[in-house]
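Working notes, beginning with the structure itself.
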Amino acid sequence: MTATRIDGKAFAAALRERVGGYAASFEEAAGRKAGLAVVLVGDDPASQVYVGSKGKATVAANMASFEHRLPDETTSQELLALVEQLNQDESVDGILVQLPLPSHLDEQSIISAISPDKDVDGFHVINAGRLSVGQSGFVPCTPLGCMMLLTDRLGDLSGLEAVVIGRSNIVGKPMAQLLLDANATVTIAHSRTKDLPGVVKRADIVVAAVGRAEMVKAEWLKEGATVIDVGINRLPPEPGKEKGRLVGDVAFNEASEVAAAITPVPGGVGPMTIAVLLRNTLVAAHRNAGLTAPEDL
Ligand code: NDP
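In case it helps, our numbering puts the sequence shown at residues 842 to 1138.
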């Protein structure tokens, strides 16, 4: 079997296009643009790149982008004051504090200070709680993006065996919750799981969110499984090359011989994250303006 490549890049581009169209209609209806504020503390190079691309994508989707770049030595009080100012600002619908924060800042207390109704990353404990009890809130962007790719590919997930490898608060746990809400039978695997290959072998759906290059092998997979690879890992550079290749948590080539469908890295889950962030921001904007968000957002 040669697996279908699940094209997250194309799916994300279509979602961004849709968000852009609805954002223009929102502006007409509300008399203002939907707005996303992104806060970056310090000069981590990867975070600088992420924040830059989020800003560009926001503007390209007809929304307002507010960037706040603060120095590394920003105190907790200063950051909390900014978050509070953004909570009060009616032109800001979504607030994202780029993680990781410098080590002197406590991520949990900063995230807790964001208004849950502007927490478009879905990391606030209120939104985690809403997801857990089935109330509408904001769901973290990466797992929601994975879910969109899965339902687009498989339709109804009822009764399917799903194995999520990884139990982080930002990917593994919300992913498992979304699969459970979709009536899959869900197993969450992690570093203490015994016989991981045997657990994965049961799965119709495998979501790998580990951070270990090409860990999931072809022989772990059930024939015909659908594989969503969240991992982003850089291999050591080959001789003569400056940078190593980016790979996922799944050995893509060999897994493609067994799976029915698989996301590539790059070009699978990665592009979905920003697209879903824009989607969440526009949903927040509708709620904040007392408008109903379009159903297919
Ligand atoms: P974390 O490091 O927070 O979590 C990793 C999880 O993997 C943990 O639950 C850990 O288990 C588990 N794990 C580690 N080693 C093993 C092992 N040998 N066998 C089974 N499970 C193991 O990572 P994140 O959830 O934040 O991210 C996971 C990956 O996804 C990373 O590669 C990250 O770069 C990528 N990512 C990609 C995004 C995108 O936009 N595409 C967005 C977010 C993340 P335990 O809990 O027991 O320690």
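All residues carry an ideal CB built from backbone N, CA and C; glycine is no exception.
Environment of residue i [buried if 16+ CB atoms lie within 10 Å]
i, result
"Leu946", "buried"
"Ala855", "exposed"
"Met1016", "buried"
"Asn968", "buried"
"Asn903", "buried"
"Asn1121", "buried"
"Gly1013", "buried"
"Leu1132", "exposed"
"Pro1038", "exposed"
"Lys897", "exposed"
"Gly975", "exposed"
"Met989", "buried"
"Gly862", "exposed"
Residue i: CB within 7 Å of a non-hydrogen atom of ligand 1
i, result
"His1031", "yes"
"Thr1034", "yes"
"Asn1074", "yes"
"Ser1009", "yes"
"Thr916", "no"
"Ile1006", "yes"
"Ala983", "Note that residue 983 is Thr in the sequence shown here, rather than Ala. Under cutoff, so the answer is yes."
"Leu1020", "no"
"Leu1062", "no"
"Leu1037", "yes"
"Thr843", "no"
"Ala853", "no"
"Arg994", "no"
"Ala1140", "An answer regarding residue 1140 cannot be provided, because it is not within the stretch 842 to 1138 covered by the chain."
"Val1110", "yes"
"Arg1053", "yes"
"Thr1067", "no"
"Pro1114", "As written in the sequence, residue 1114 is Thr, which differs from the Pro given in the question. Indeed, a heavy atom of ligand 1 lies less than 7 Å from the Cβ."
"Gly1013", "yes"
"Val1071", "yes"
Residues sharing a beta bridge with residue i, DSSP
i, result
"Arg846", "Ile1103"
"Ile1073", "Its beta-bridge partners do not exist; DSSP assigns none."
"Ser950", "DSSP, once it has assigned bridges, lists no residue as partnering Ser950."
"Phe907", "Ala878"
"Leu937", "Val879"
"Ala1049", "Ile1006 and Asp1070"
"Ala1030", "Ile1006"
Presumed contact (8 Å Cβ cut-off) between residue i and residue j, rounded CB distance
i, j, result
"Arg1075", "Gly1085", "5 Å"
"Lys1042", "Lys1058", "Not confirmed; about 11 Å, so no contact."
"Leu995", "Val1117", "In fact, because the Cβ distance is near 18 Å, the residues do not count as touching under 8 Å."
"Leu998", "Leu1020", "7 Å"
"Val882", "Asp913", "7 Å"
**OP:** Flag this pair as touching only if the stretch 931 to 943 and the stretch 861 to 879 have three or more C-beta atom pairs under 8 Å; answer yes or no.
**Re:** yes
**OP:** Say whether the stretch 990 to 1005 touches the stretch 1041 to 1061, bearing in mind that this needs 3 or more beta-carbon pairs closer than 8 Å, one atom from each stretch.
**Re:** yes
**OP:** Pair every Cβ in the stretch 944 to 960 with every Cβ in the stretch 919 to 935, then say whether three or more of these pairs are closer than 8 Å.
**Re:** yes
Original post:
Between the stretch 1095 to 1115 and the stretch 1065 to 1073, do three or more beta carbon pairs fall short of 8 Å?
Top reply: yes
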